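Residue numbers (my numbering), protein chains in the order written: chain Z, 23 to 469; chain E, 23 to 469.
The structure appears right after this line, and notes come after that.
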């Protein structure tokens with residue numbers, strides 16, 4: 023039935039058959055049962071553990087990509103290892119043959135800004151910070167979100183394996199990202215998305231030529247349906263916490279942070295958490311460096327969730343996972359069943375991670391504060407990390423001189439609805455000076 | 023009345039009194055009467071010519087910033103001049119004392135992408151281009167538009183002269199840009215904007231802490247009112263084609279293009295044109311390099327206007343300037359009286375520039391084509407340049423192997439309304455495979 027390509031591209035695929043030319047470069051390891059798989063034998067979850075999954079619990083059988091770290095150390099003679107990795111664009115730590123197969127778009131390599139002072143509330147003056155605060159601004163990506171890091175790698179992997187059609191379930195950003203990256207790579211993206219996703223993201227998907235499939239249901243419904251479609255039609259699936267390569271794309275942010283801090287580790291990194299894939303990517307990047315003895319410890323990573331969707335952090339200490347229905351303005355991190363819960367929990371436990379949840383009000387307020395103080399305008403989900411940092415500061419958890427990194431994951435232009443209700447744009451005035459005077463004195467009265 | 027600061031910042035200003043410490047670094051030259059002014063004597067237009075202006079014609083008396091080119095050549099011994107300029111971040115060609123006074127945000131330094139193939143229509147396959155096509159993607163700026171280049175320089179100049187409050191009239195991008203850059207510099211932005219500007223840009227201004235003054239009127243009304251307010255209240259005005267420094271900020275794109283092309287000149291550069299300041303900036307950058315003998319000619323620059331607002335190109339050949347009421351989806355280049363008309367005309371005449379106008383349909387179609395082929399999603403005004411390039415190609419004006427640069431000036435996320443009416447997001451489907459099949463076969467039928 024689907025032998026013909028559903029779209030106007032030149033080619034279509036049947037069942038994914040990966041053709042890996044990277045002997046012994048890496049293998050997949052199931053984080054649940056520990057079983058190892060060469061990459062030509064498995065594409066998504068651990069086949070054994072996947073069978074036991076049910077839809078009310080976070081899935082088991084997520085795969086971690088493990089490299090031959092000793093071989094890399096030997097190759098580079100163990101000297102100046104990180105610099106050699108940089109010089110080779112980290113190809114030894116990526117599951118692809120060649121950097122050339124990545125998109126020509128500038129993905130990642132986003133700015134890391136040192137913020138020296140902040141006005142911490144509406145009323146106060148801008149004060150010098152007693153600690154170091156760095157903002158890693160991943161809204162500066164081709165499709166204006168962090169997700170491009172994952173899409174870029176998955177797209178390159180597909181290219182190397184002769185795959186031209188990719189499918190993804192998304193709350194909006196992963197979908198617009200995949201559609202944009204595929205556009206640049208002459209590949210086709212099929213995007214399952216809840217119809218309620220922010221309009222900007224839906225428009226992006228269509229503009230990039232992605233084949234959009236809006237679902238009358240939740241992200242979880244879209245996810246399940248995309249997996250069914252993958253099985254039925256054989257498209258290559260980019261879903262996070264399903265395709266293990268998304269984590270490998272996302273981890274590049276950690277390499278950059280370490281590089282941009284002149285090979286120093288931050289004390290804390292604040293990361294917005296929904297299903298737990300971004301934070302796992304951040305951990306994985308540092309873990310790779312740890313296994314190569316480039317660094318000797320993993321920085322403290324703080325998982326920041328929205329109080330209205332805290333299914334990761336609320337379940338970290340309990341025996342049994344209990345899901346709570348999500349309701350938050352931070353739509354990209356609004357998740358009922360965090361699909362990468364088990365890996366996230368594993369990382370946090372192993373490397374002494376921390377966590378915090380923030381209210382919608384705290385997120386909106388943090389967003390305004392970040393914009394006003396820095397000129398960086400982020401979407402609610404993307405700025406939850408900053409709200410988490412502010413909360414840590416308020417609780418006096420941040421030591422003097424400590425080095426903090428806050429990861430911003432998406433542009434504010436991607437979800438205007440969320441802030442629109444919380445700001446005031448005054449009514450239009452007549453074009454004359456006395457009206458200007460009146461408007462400005464109104465501003466003054468409010469101060 | 024306005025002695026108190028209208029906002030919560032620490033400081034406010036009275037009348038602008040510039041305190042220039044850059045003896046003989048540059049002077050201003052009136053492009054109308056040729057009179058020269060040291061920068062401490064004049065801030066905006068040539069005082070003599072300004073008196074003769076009336077609101078129905080493009081203003082006379084625009085100032086050009088002229089450097090002591092011989093001194094720069096001597097300083098650098100005339101050897102490897104361009105590389106030395108790069109090493110010094112072009113400080114010798116900027117009207118500020120120190121690069122340190124620019125925003126900490128990464129302004130400019132945007133990617134220049136070589137596009138190797140395009141699908142030129144909905145039906146065709148993606149074909150290799152017979153010429154070189156580069157996209158300069160200035161949507162990758164802190165506030166997601168080209169305007170940050172101007173705001174950054176004006177803000178630095180203000181900082182060096184003890185000014186903390188800036189004012190601007192804007193169709194949206196210049197205002198959101200000034201607000202964002204000022205936020206990063208702890209300065210205050212007061213933004214006069216037509217109330218009809220795209221919502222995204224209004225929201226950005228407020229989020230960045232800018233004091234927004236929506237005008238019940240056009241951009242021209244906002245402009246005039248902002249100039250009145252400048253005279254009355256003494257704020258420093260960033261208006262384009264009024265403050266000569268905006269061109270100096272914008273010209274940096276030309277330095278980057280020349281650098282990114284490995285010190286080669288393109289054959290053509292396509293630039294979206296509204297009031298003519300961006301294109302004048304592009305010319306000015308190359309003119310600086312010409313005067314330094316870094317290059318021996320100016321590339322052909324193509325002014326691309328919207329047919330619904332072609333007040334620059336329609337008047338290039340006529341004796342008398344005749345304005346036509348604008349109506350186009352490309353809001354940022356929708357201008358009745360192009361304020362930098364005379365300088366633009368001068369540059370185009372002197373350096374054999376070319377021009378073309380494109381319809382709204384051509385702009386929308388070009389926008390879709392660019393997004394689908396490259397993953398670069400630009401706002402209508404920002405992508406008019408690409409529509410112009412496509413038109414030149416259709417008219418067989420582009421030679422084989424010619425090197426073309428298309429300047430993209432703003433993110434598509436800044437003006438979604440414009441594309442929303444021209445794309446179809448299908449209705450939501452129930453989350454089951456047969457609904458997926460049906461939707462996809464609908465897509466196929468349409469192909």
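Using N, Cα and C, we set each Cβ at its ideal position, and we do this for glycine too.
Quick caveat: nothing in here was measured; it's all calculated off a predicted structure.
Asked: Residue 188/E and residue 204/E: beta carbons closer than 9 Å?; Found: yes
Asked: Can you tell me whether residue 52/E is buried or exposed, with buried defined as 16 or more other CB within 10 angstroms of its CB?; Found: buried
Asked: Taking beta-carbon pairs under 8 Å, can you tell me which members of the segment 96 to 128 of chain Z lie near chain E?; Found: 125, 126, 127, 128
Asked: In whole angstroms, give me the CA-to-CA distance for residue 519/Z and residue 306/Z.; Found: Shown here, chain Z extends from 23 to 469; a query on residue 519/Z therefore has no answer.
Asked: What does DSSP give as the partner residue(s) for residue 327/E in the beta ladder?; Found: 379/E
Asked: Could you please tell me which residues of the segment 440 to 455 of chain Z, in chain order, have their CB closer than 8 Å to any CB of chain E?; Found: 441, 442, 445, 446, 447, 448, 449, 450, 451, 452, 453, 454, 455
Asked: Are the CB atoms of residue 235/Z and residue 214/Z nearer to each other than 9 Å?; Found: yes
Asked: Note the first and the last residue of the continuous alpha helix (DSSP H) segment covering residue 95/Z.; Found: 91 to 97
Asked: Excluding five sequence neighbours on each side, which residues of the same chain lie with their C-beta closer than 8 Å to the C-beta of residue 140/E?; Found: 148, 149, 151, 155, 391, 395
Asked: Could you check whether the Cβ of residue 387/Z sits closer than 8 Å to any heavy atom belonging to the ligand FAD?; Found: Although the ligand FAD was asked about, the structure shown includes no ligands whatsoever.
Asked: What separation, rounded to the nearest whole angstrom, lies between the Cα atoms of residue 57/Z and residue 360/Z?; Found: 23 Å
Asked: What does a CB cutoff of less than 8 Å around residue 100/E pick up in its chain, not counting 5 residues either side in sequence?; Found: 315
Asked: With the cut-off set at 9 Å, would you say residue 84/Z and residue 132/Z are in Cβ contact?; Found: no
Asked: Check each residue of the segment 217 to 238 of chain Z: if its Cβ is closer than 8 Å to any Cβ of chain E, include it; give the result in chain order.; Found: 217, 221, 222, 224, 225, 226, 228, 229, 230, 231, 233, 234, 235, 236, 237, 238
Asked: Helix, strand or coil: how does DSSP classify residue 407/Z here?; Found: helix
Asked: Between the segment 58 to 69 of chain E and chain Z, which residues of the former have a C-beta closer than 7 Å to a C-beta of the latter?; Found: none
Asked: For a contact meaning CB atoms closer than 7 Å, what does residue 395/E contact in chain Z?; Found: 205
Asked: Can you list, in chain order, the residues of the segment 237 to 268 of chain Z whose Cβ is nearer than 8 Å to any Cβ on chain E?; Found: 237, 238, 239, 243, 244, 246, 247, 250, 251, 254
Asked: Could you check whether residue 286/Z and residue 425/Z sit closer than 9 Å to each other, using their CB atoms as the reference points?; Found: yes
Asked: Are there 16 or more other CB atoms within 10 angstroms of the CB of residue 70/Z, so buried, or fewer, so exposed?; Found: exposed
Asked: When the Cα atoms are used, what is the spatial distance from residue 449/Z to residue 197/E?; Found: 17 Å
Asked: Contact between the segment 114 to 129 of chain E and the segment 364 to 373 of chain E is defined here as three or more beta-carbon pairs at a separation below 8 Å; is this criterion met?; Found: no
Asked: For a contact defined as C-beta to C-beta under 9 Å, what are the partners of residue 202/Z on chain E?; Found: 393, 396, 397, 398, 399
Asked: Could you tell me whether the Cβ of residue 462/Z comes closer than 9 Å to any Cβ of chain E?; Found: yes
Asked: Enumerate in chain order the residues of its own chain whose CB-to-CB distance from residue 452/E is below 8 Å, with the five nearest sequence positions on each side excluded.; Found: none
Asked: Taking contact to mean at least 3 C-beta pairs separated by less than 8 Å, is the segment 332 to 343 of chain Z in contact with the segment 408 to 422 of chain Z?; Found: no
Asked: Does residue 96/E pass the burial test, meaning 16 or more other C-beta atoms within 10 Å, or should it be called exposed?; Found: exposed
Asked: Note down the Cα distance separating residue 325/E from residue 380/E, rounded to an integer number of angstroms.; Found: 11 Å
Asked: Looking at residue 172/Z: is its Cβ nearer than 9 Å to the Cβ of residue 269/Z?; Found: yes
Asked: Would you kindly check if the distance between the Cβ of residue 291/E and the Cβ of residue 321/E is under 9 Å?; Found: yes
Asked: Taking its Cβ as the centre, do 16 or more other Cβ atoms sit within 10 Å of residue 422/Z, making it buried, or is it exposed?; Found: exposed
Asked: In the DSSP assignment, the alpha helix (DSSP H) including residue 337/Z goes from what residue to what residue?; Found: Taken as a continuous stretch (DSSP letters only), residue 337/Z belongs to no alpha helix (DSSP H), as it is neither H nor E.
Asked: Output needed for residue 460/Z: all residues of its chain with C-beta closer than 7 Å, excluding positions within five of it in sequence on either side, in chain order.; Found: none
Asked: For residue 356/E versus residue 400/E, is the C-beta spacing smaller than 9 Å?; Found: no
Asked: In chain E, what lies closer than 8 Å to residue 166/Z by C-beta?; Found: 166, 433, 435
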